[in-house]
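Student: Using our numbering, the first residue of the sequence shown is number 1, and each one after it goes up by one.
The structure's right below; bear with me while I get my questions together.
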Amino acid sequence: MTVNRQSDKPLRGKRILVCGKGGCGKSTMVALMAVVLQQKEYEVLVLDGDASNPEGLVRLLFGLGVEGEPKPLIEFFGGIDVVTCPVDDPSPLTRINDTNPIPQDRIDARKEISPEYYLQNGSMILLQAGKINTYGQGCDGPLEKIVRDFMVKGDAVNLIDMKAGIEHFGRKIPDQMDVLLCVLDCTFESVSIAKRIAEFCQEAEKDFWLILNKIGSGDVKSMLMDKLEKLQDRVIGSILYDEELIKVGLAGSALGECKAMEQVGHLVDRLEQVI
Ligand SMILES: Nc1ncnc2c1ncn2[C@@H]1O[C@H](COP(=O)(O)OP(=O)(O)O)[C@@H](O)[C@H]1O
Ligand SMILES: [Mg+2]
Numbered sequence: 001m002t003v004n005r006q007s008d009k010p011l012r013g014k015r016i017l018v019c020g021k022g023g024c025g026k027s028t029m030v031a032l033m034a035v036v037l038q039q040k041e042y043e044v045l046v047l048d049g050d051a052s053n054p055e056g057l058v059r060l061l062f063g064l065g066v067e068g069e070p071k072p073l074i075e076f077f078g079g080i081d082v083v084t085c086p087v088d089d090p091s092p093l094t095r096i097n098d099t100n101p102i103p104q105d106r107i108d109a110r111k112e113i114s115p116e117y118y119l120q121n122g123s124m125i126l127l128q129a130g131k132i133n134t135y136g137q138g139c140d141g142p143l144e145k146i147v148r149d150f151m152v153k154g155d156a157v158n159l160i161d162m163k164a165g166i167e168h169f170g171r172k173i174p175d176q177m178d179v180l181l182c183v184l185d186c187t188f189e190s191v192s193i194a195k196r197i198a199e200f201c202q203e204a205e206k207d208f209w210l211i212l213n214k215i216g217s218g219d220v221k222s223m224l225m226d227k228l229e230k231l232q233d234r235v236i237g238s239i240l241y242d243e244e245l246i247k248v249g250l251a252g253s254a255l256g257e258c259k260a261m262e263q264v265g266h267l268v269d270r271l272e273q274v275i
C-alpha cells in the first residue's frame with residue numbers, strides 16, 4: 001500500500017506567518033505551535049522575525065538556562081550592508097558568492113547553515129533574522145527581506161514570528177508564505193488589524209486564519225466575534241486566558257503542558273484539515 005505522505009502530514013514544508021498587534025500573543029502562539037507540531041512528529045523550523053524582541057522565543061522554547069542566542073541570519077547573508085532594504089531594492093536574497101536567489105534555489109538548513117545560527121531541540125530548530133542592536137542601525141527592511149526570502153529545502157514546517165502591525169504587508173512579505181495566522185487579543189485594535197489583514201490577503205490571494213487569544217469568558221468571546229462580522233468564518237481557534245503562560249514568561253522557563261497548549265493542539269488539527 002502506498003502511503004500518501006502529504007495527507008498524513010499536511011503542514012509539511014509549509015511557510016506559516018504569524019502576525020497581529022503588539023502583545024496579542026504572536027510569540028507565545030508560535031512557541032506553543034512549535035511544541036505541538038513536534039509532538040505530532042513534524043520537523044519544525046521556527047524563525048524569529050521580530051527585530052525588537054530580545055530573547056523572547058529563545059526563552060519560551062529553551063528556557064533561561066540556554067547558553068546564548070543563535071547568531072543572526074543577517075550575518076549568514078553578509079550583514080546589513082549586503083542585504084539591502086526590500087523597499088528600495090525588490091531583488092530577492094542571494095547567498096554570498098552565488099548568483100542564485102534563495103527563493104529559486106532553497107537553502108539546505110541542516111547542511112549549509114552552521115550550528116551557531118540555530119538552537120536545536122530534537123526535530124525543532126530556532127533561527128533569528130536579526131535584531132536592532134545599535135542606536136542608529138538603520139531601517140529593519142533587510143531583516144524583513146530575510147523573513148520573506150529565507151527559503152529552506154525539506155519537510156520542516158516553517159513557523160515565522162513576525163513583528164507587530166502591518167508594515168510587512170507594505171513590503172509584500174506574505175508573497176512567499178503559504179498561510180497567514182493573525183492572532184487577536186480582546187481589543188478593538190486587534191479587530192481593526194484583522195480586517196486590514198483580511199483585505200491585504202484577499203488582494204494577495206493568500207490563505208489566512210484568525211486565532212482568538214487570551215479569551216477570559218464566553219461573553220468576551222461573543223463580543224469579539226460580533227465585532228469580526230464577515231470574518232467570523234475565518235476564526236480557526238480560540239485560546240483561553242491561561243495564567244500559566246504569564247508565569248512561564250515571567251519565570252523565563254520553557255513552555256510546558258498547560259490548558260492553552262491543549263487548545264493550540266485542536267487549532268493545529270484544524271489547520272491540518274483546512275490547508
Ligand atoms: N493565552 C494567553 N493567556 C494569558 N497570557 C497570554 C496568552 N497569550 C500570551 N500571553 C501573554 O501575553 C504577553 C504577550 O505575549 P507575546 O507572545 O509576547 O506577544 P507578541 O509576540 O504578540 O508581542 C506575554 O506576557 C504572554 O505570556
Ligand atoms: Mg513577540
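Think of the CB as a built atom: it goes at the ideal place given N, C-alpha and C, for glycine as much as any other residue.
Tell me whether Ile-160 counts as near ligand 1, meaning its Cβ is closer than 6 Å to at least one heavy atom of that ligand.
Tutor: Ile-160: no, Cβ never under 6 Å from ligand 1.
Student: Is Lys-214 close to ligand 2? I mean its beta-carbon at under 6 Å from any heavy atom of the ligand.
Tutor: Incorrect: Lys-214 has no Cβ contact closer than 6 Å to ligand 2.
Student: Starting from Asn-133, follow its DSSP beta bridges and name the residues at the other end.
Tutor: Answer is none; Asn-133 lacks a bridge partner.
Student: Please report the Cβ distance between Phe-150 and Ile-80, rounded to the nearest whole angstrom; I am assuming they are in contact, meaning their Cβ atoms lie under 8 Å.
Tutor: The Cβ separation is near 15 Å, so there is no contact.
Student: Which runs of the beta strand (DSSP E), 3 residues or longer, sit entirely within the segment 44–121?
Tutor: Segments of the beta strand (DSSP E) lying fully in the segment 44–121: 44–48 and 119–121.
Student: Just to confirm before moving on: does the CB-CB distance between Gly-56 and Ser-27 stay below 7 Å?
Tutor: The answer is yes: Cβ separation under 7 Å.
Student: Give a yes or no on whether the C-beta atoms belonging to Ser-19 and Asp-185 are separated by under 7 Å.
Tutor: Per the sequence shown, the amino acid found at residue 19 is Cys instead of Ser. No, the pair does not count as a contact, with Cβ atoms beyond the cut-off.
Student: Considering only the alpha carbon of each residue, which of Ile-275, Gln-104 and Ile-96 lies closest to Ile-113?
Tutor: Of the candidates Ile-275, Gln-104 and Ile-96, the one whose C-alpha sits nearest the C-alpha of Ile-113 is Ile-96.
Student: Can you have a look at Lys-131 and say buried or exposed, based on whether 16 or more other CB atoms are within 10 angstroms of its CB?
Tutor: Flag for Lys-131 reads buried.
Student: Tell me the DSSP bridge mates of Ile-211?
Tutor: BP columns for Ile-211 point to Val-183 and Gly-237.
Student: At 4 residues or longer, what runs of the alpha helix (DSSP H) sit wholly inside the segment 134–159?
Tutor: Taking only runs of at least 4 residues, the alpha helix (DSSP H) segments lying wholly in the segment 134–159 are 141–149.
Student: On the CB-based measure, 16 or more other CB atoms within 10 Å of its CB, does Gln-39 come out buried or exposed?
Tutor: So Gln-39 counts as exposed.
Student: Any idea what DSSP makes of Arg-196, helix, strand or coil?
Tutor: Here Arg-196 sits in helix by DSSP.
Student: Quick check on DSSP: helix, strand or coil for Leu-245?
Tutor: Helix, per DSSP.
Student: Cβ of Val-30 within 7 Å of Cβ of Asp-178?
Tutor: No.
Student: Helix, strand or coil: which one does DSSP assign to Met-29?
Tutor: Met-29: helix per DSSP, three-state reduction.
Student: Keeping to the same chain, check which residues put their C-beta closer than 6 Å to that of Arg-15; ignore five residues upstream and five downstream.
Tutor: Here the set comprises Asn-158, Met-177 and Asp-178.
Student: Could you check where the alpha helix (DSSP H) with Met-261 kicks off and where it finishes?
Tutor: It spans 259–274 - the alpha helix (DSSP H) in which Met-261 sits, taken as one unbroken run.
Student: Is it buried or exposed for Tyr-135, if we count other Cβ within 10 angstroms and need 16 for buried?
Tutor: Exposed: under 16 other Cβ atoms inside 10 Å.
Student: Cα separation between Gln-120 and Asp-233?
Tutor: Going by the C-alpha atoms only, they are around 36 Å apart.
Student: Sorry if obvious, but does the Cβ on Cys-85 come closer than 6 Å to a heavy atom of ligand 1?
Tutor: No; taking the cut-off as 6 Å, the Cβ of Cys-85 has no heavy atom of ligand 1 nearer than that.
Student: Taking the alpha carbon of Glu-69 as the point to measure from, which residue in Thr-99, Thr-84, Leu-93 and Glu-116 has its own alpha carbon closest?
Tutor: Among Thr-99, Thr-84, Leu-93 and Glu-116, the Cα nearest to that of Glu-69 is on Glu-116.
Student: Who are the Cβ neighbours of Leu-231 in its own chain at under 8 Å, not counting the five residues just before and after it?
Tutor: Only Ala-194, Lys-195, Ala-198 and Leu-210 meet the Cβ criterion.
Student: Sort out for me which residues DSSP pairs Ile-166 with in a bridge.
Tutor: None, per the DSSP bridge assignment.
Student: State yes or no: is the C-beta of Lys-131 nearer than 6 Å to some heavy atom of ligand 1?
Tutor: Flag unset: Cβ of Lys-131 not near ligand 1.
Student: Please tell me whether, using a cut-off of 6 Å, the distance from the CB of Ala-34 to the nearest non-hydrogen atom of ligand 1 is below it.
Tutor: Every heavy atom of ligand 1 is 6 Å or more from the Cβ of Ala-34, so no.
Student: Would you be able to state if there are at least three C-beta pairs under 8 Å between the segment 59–75 and the segment 241–255?
Tutor: Yes, the segment 241–255 is in contact with the segment 59–75.
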